[in-house]
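**Student:** Sequence order for the protein chains is B and X. Using this note's numbering, the letters of the first sequence correspond one by one to residues 1 to 146. Using this note's numbering, the letters of the second sequence correspond one by one to residues 1 to 146.
2 protein chains.
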Amino acid sequence: MDSIDKKAAIKNVLIRYLDEHRHRKTPERFVILDKIYDIEGHFDIEYLYTKIREDGHTLSRATIYNSIEVFINCGLVQKHQFNTKQPLYEKSYFGKQHDHIIFTDTGEIKEFCDPRIQQIKNTVEDIFDIKIENHSLYFYGVKKNT
Amino acid sequence: MDSIDKKAAIKNVLIRYLDEHRHRKTPERFVILDKIYDIEGHFDIEYLYTKIREDGHTLSRATIYNSIEVFINCGLVQKHQFNTKQPLYEKSYFGKQHDHIIFTDTGEIKEFCDPRIQQIKNTVEDIFDIKIENHSLYFYGVKKNT
DNA sequence: TTCATTGCAAAGCGTTTGCAGTCAC
DNA sequence: GTGACTGCAAACGCTTTGCAATGAA
Numbered sequence: 001m002d003s004i005d006k007k008a009a010i011k012n013v014l015i016r017y018l019d020e021h022r023h024r025k026t027p028e029r030f031v032i033l034d035k036i037y038d039i040e041g042h043f044d045i046e047y048l049y050t051k052i053r054e055d056g057h058t059l060s061r062a063t064i065y066n067s068i069e070v071f072i073n074c075g076l077v078q079k080h081q082f083n084t085k086q087p088l089y090e091k092s093y094f095g096k097q098h099d100h101i102i103f104t105d106t107g108e109i110k111e112f113c114d115p116r117i118q119q120i121k122n123t124v125e126d127i128f129d130i131k132i133e134n135h136s137l138y139f140y141g142v143k144k145n146t
Numbered sequence: 001m002d003s004i005d006k007k008a009a010i011k012n013v014l015i016r017y018l019d020e021h022r023h024r025k026t027p028e029r030f031v032i033l034d035k036i037y038d039i040e041g042h043f044d045i046e047y048l049y050t051k052i053r054e055d056g057h058t059l060s061r062a063t064i065y066n067s068i069e070v071f072i073n074c075g076l077v078q079k080h081q082f083n084t085k086q087p088l089y090e091k092s093y094f095g096k097q098h099d100h101i102i103f104t105d106t107g108e109i110k111e112f113c114d115p116r117i118q119q120i121k122n123t124v125e126d127i128f129d130i131k132i133e134n135h136s137l138y139f140y141g142v143k144k145n146t
């Protein structure tokens, strides 16, 4: 699946969600989602806003805040609270599920995957009789100076 | 070990940390730490501030912000960013290590322990050649309506 | 037509900062 | 004595809100 197919598929996820929830399919929402899916890695609202304005679109920060809330609710975007003061976001569709390591000295962030987190999730779901929709796992540490 | 012993032990952890880092042992720091260890569960700065003032101590919010930073650095307090807008804190000594489940509909928070998180931690430490000092794992979900 | 959504600017509010005064060492 | 720490209030900055205008359905 190439980049254009992916964009189309993502757009469809949004359309389906908006339809189901009787929300309007405004052009702003599609522009914002499109730009988010151009960004690799983590970003903050200001970066996204600047990027959209640079591309000649005029829309307000308020709309970005609104829209990103929608995207989080339909699973297209994830919000992270690392140890920065404001939250960072990242697209979360078609990407491999991953967790984060935060280096407490440099602020650098790395990603990793471990299947055992799924097993823990399953256990917790059984024990508490709940449905887990999402998780976040952060390790905080420093590089060994070997 | 009874409650008084625990308080004394915690105080010693702080004293050792302050000595090692050439920080001053101000009365405010001890008052704040003491109050934190009276609180069961999660709390925010405002709650802590009110509690301390109610007990007749006069100290400022700024000092609480400062002190809590110190406590986090010496492992006596943990800071959580759930899906509330401001962070919540909790004491983290003598307490069993635990992770959190956040109910996205009600906002309720539950705690659980799973030893496999330790195993993941060990693996990640080996693979990345790092020392992990801390972690946080949050599951977001809803109760099954059975 | 209707009302959800947008845009702008103002307001909100938890946190940080500046600085004078204090006190741990 | 001295400089780290405190207290107060002002400043900060990200986010939310109010409200009139817009446009999706």
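Backbone N, C-alpha and C define an ideal beta-carbon position, used for all residues, glycine too. If you're wondering where the values come from, they're calculated on a predicted model, not measured in any experiment.
#1: Check Ile39(B) in the structure and name its three-state DSSP category.
#2: Please report the distance separating the alpha-carbon of Asp129(X) from that of Glu111(B).
#3: Given that Asp114(X) touches chain B, what residues does it touch there, using C-beta distances under 8 Å?
#4: Given Cys74(X), which residues of its chain have a CB within under 6 Å of its CB, disregarding the five upstream and five downstream residues?
#5: Whose C-alpha, out of Cys113(X), Arg24(X) and Tyr138(X), is nearest the C-alpha of Lys96(X)?
#6: Could you name the residues of chain B that Val142(X) contacts, counting a contact when the two beta carbons are closer than 8 Å?
#7: State the Cα-Cα distance for the pair Asn83(B) and Asp126(B), rounded to the nearest angstrom.
#8: Please state the DSSP three-state secondary structure of Glu108(B).
#9: Kindly indicate the opening and closing residues of the beta strand (DSSP E) around Leu88(B).
#10: Is Thr104(B) close to chain X, meaning its C-beta is less than 9 Å from at least one C-beta of that chain?
#11: Have a look at Ile109(X), Ile132(X), Asp99(X) and Thr104(X) and flag the residue whose alpha-carbon is nearest the alpha-carbon of Lys121(B).
#12: Excluding the 5 residues flanking Ile101(X) on each side, which residues of the same chain have their C-beta closer than 6 Å to its C-beta?
#13: Does Ile64(X) come within less than 9 Å of chain B when only Cβ atoms are used?
#14: By Cβ distance below 6 Å, which residues in the same chain neighbour Ile52(B) in space, the five residues on each side in sequence not counted?
#15: Work out the CA separation of Lys91(X) and Ile10(X) for me, nearest whole Å.
#16: Would His21(B) be called buried (16 or more neighbouring beta carbons within 10 Å of its own) or exposed?
#17: Figure out for me which residue from Tyr49(B), Ser3(B), Asn145(B) and Lys6(B) has the closest Cα to the Cα of Tyr89(B).
#18: From the DSSP output, read off the bridge partner residues of Leu137(B).
#19: Helix or strand or just coil, what does DSSP make of Phe71(X)?
#20: Taking the beta strand (DSSP E) that Asp99(B) falls in, what are its first and last residues?
#21: Please confirm whether Gly148(X) and Ile132(B) have their CB atoms less than 9 Å apart.
#22: Using a C-beta to C-beta distance shorter than 8 Å, which residues of chain X count as neighbours of Phe30(B)?
**Tutor:** The structure says:
#1: Translated into the one-based positions of the first sequence, residue 39(B) becomes position 39. Coil, per DSSP.
#2: As a first step, residue 129(X) is located in the second sequence; it is residue number 129 there, counting from the start. As a first step, residue 111(B) is located in the first sequence; it is residue number 111 there, counting from the start. Between the C-alpha atoms of Asp129(X) and Glu111(B) there is a straight-line separation of about 14 Å.
#3: Within the second sequence, the letter at position 114 stands for residue 114(X). For the C-beta of Asp114(X), the chain B residues within less than 8 Å are, from N- to C-terminus, Ile120, Thr123 and Val124.
#4: Here residue 74(X) corresponds to residue number 74 of the second sequence, with the count starting at 1. So the qualifying residues of the chain are Tyr17.
#5: Here residue 96(X) refers to the residue found at position 96 when the second sequence is read from its first residue. Among Cys113(X), Arg24(X) and Tyr138(X), the Cα nearest to that of Lys96(X) belongs to Cys113(X).
#6: Taking the second sequence and counting its residues from 1, the one referred to as residue 142(X) is at position 142. Neighbours of Val142(X) on chain B, chain order: Ile130, Lys131 and Glu133.
#7: Here residue 83(B) refers to the residue found at position 83 of the first sequence. Here residue 126(B) refers to the residue found at position 126 of the first sequence. Answer to the nearest angstrom: the Cα atoms are 31 Å apart.
#8: As a working mapping, residue 108(B) is identified with position 108 in the first sequence. For Glu108(B), the three-state secondary structure derived from DSSP is coil.
#9: Translated into the one-based positions of the first sequence, residue 88(B) becomes position 88. Note, Leu88(B): beta strand (DSSP E), Leu88 to Lys91.
#10: As a position in the first sequence, residue 104(B) is number 104, starting the count at 1. Yes - at least one Cβ of chain X is within 9 Å of the one on Thr104(B).
#11: Here residue 121(B) refers to the residue found at position 121 of the first sequence. Looking at the Cα atoms, Asp99(X) is the closest of the given residues.
#12: For this step, residue 101(X) is matched to residue 101 along the second sequence. Result list for Ile101(X): Lys110 and Phe139, in chain order.
#13: Counting from 1 along the second sequence, the entry for residue 64(X) is found at position 64. So no, Ile64(X) is outside the interface.
#14: Your numbering for residue 52(B) matches position 52 in the first sequence. The residues are Lys35.
#15: In the second sequence, counting from the first residue as 1, residue 10(X) sits at position 10. In the second sequence, counting from the first residue as 1, residue 91(X) sits at position 91. Going by the C-alpha atoms only, they are around 10 Å apart.
#16: Sequence index remark: in the first sequence, residue 21(B) carries index 21 (1-based). It counts as exposed.
#17: Your numbering for residue 89(B) matches position 89 in the first sequence. Considering only alpha carbons, the answer is Tyr49(B).
#18: Within the first sequence, residue 137(B) is the residue found at index 137, counting from 1. Answer is Leu137(X), bridged to Leu137(B).
#19: Indexing the second sequence from 1 puts residue 71(X) at position 71. DSSP places Phe71(X) in helix when its eight states are reduced to three.
#20: Locating residue 99(B) in the first sequence gives position 99, where the first residue counts as 1. Per DSSP, Asp99(B) belongs to the beta strand (DSSP E) from Asp99 to Phe103.
#21: Residue coverage of chain X in this structure runs from 1 to 146, which leaves residue 148(X) outside it and unanswerable.
#22: Reading the first sequence from its first residue, position 30 is the one you call residue 30(B). Those within 8 Å of Phe30(B) in chain X number zero; the least Cβ separation is about 26 Å.
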